[in-house]
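Worksheet for the structure shown next.
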Amino acid sequence: MMTISVTRLRLRSSRYLLPFLWYAFTSSRQARRSDGNRGVLLRRFRGAYWTMTLWRDRAAARAFMTSGPHRAAMPHLPLWCDEASLVHWEESVDALPTWEMAAQRLAAEGRVSAVTFPSLAQAAGITLGS
Numbered sequence: 001m002m003t004i005s006v007t008r009l010r011l012r013s014s015r016y017l018l019p020f021l022w023y024a025f026t027s028s029r030q031a032r033r034s035d036g037n038r039g040v041l042l043r044r045f046r047g048a049y050w051t052m053t054l055w056r057d058r059a060a061a062r063a064f065m066t067s068g069p070h071r072a073a074m075p076h077l078p079l080w081c082d083e084a085s086l087v088h089w090e091e092s093v094d095a096l097p098t099w100e101m102a103a104q105r106l107a108a109e110g111r112v113s114a115v116t117f118p119s120l121a122q123a124a125g126i127t128l129g130s
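First residue of the sequence shown? That's 1 in my numbering, and the numbers climb one at a time after it.
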């Protein structure tokens with residue numbers, strides 16, 4: 001079964017934009033080069049940054065998440081973001097879903113991730129934010 005991972009992050013201040021974009025670039029390059037990666041999509045939508053990745057299996061996704069630039073970025077996100085949410089699920093199809101489907105999954109099955117200064121939506125557990 002393929003594993004799909006979707007994240008949604010909103011920066012709480014523009015002062016974090018350049019370092020965030022650097023980590024986003026290096027992490028997406030890392031993902032594309034990682035063993036087991038089947039696809040990477042990025043977008044900025046309504047003030048938030050979204051990622052969607054497709055993996056051969058959960059082990060490949062976990063290997064990516066716990067190494068390289070992605071691992072280096074993770075400790076910064078609680079301070080930089082006021083909204084952070086994610087969802088993972090398995091599919092038998094070797095293709096990324098639409099962004100609309102990803103948003104539906106995030107709303108229905110996702111979870112918020114801890115941030116230092118949460119928005120009202122984040123504090124209320126709303127995965128699609130404000």
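We put the CB at the ideal spot given by N, CA and C, even for glycine.
N- and C-terminal bounds of the beta strand (DSSP E) containing Phe39
Reading the sequence as shown, one finds Gly at residue 39 and not Phe. Segment Asn37 to Phe45, the beta strand (DSSP E) holding Gly39.
Got a sec, what are the start and stop residues for the beta strand (DSSP E) Leu133 sits in?
With the chain covering only 1 through 130, there is no way to say anything about residue 133.
Per DSSP, which residues does Thr53 bridge with? Please list them.
Per the DSSP secondary-structure output, Thr53 pairs in a beta bridge with Ser5 and Val40.
Helix, strand or coil for Ser85? Go by DSSP, reduced to three states.
Per DSSP, reduced to three states, the secondary structure at Ser85 is strand.
Closest residue to Arg111 among Pro69, Thr26, Arg15 and Leu86 (Cα-Cα distance)
Taking only the C-alpha atoms, the option nearest Arg111 is Leu86.
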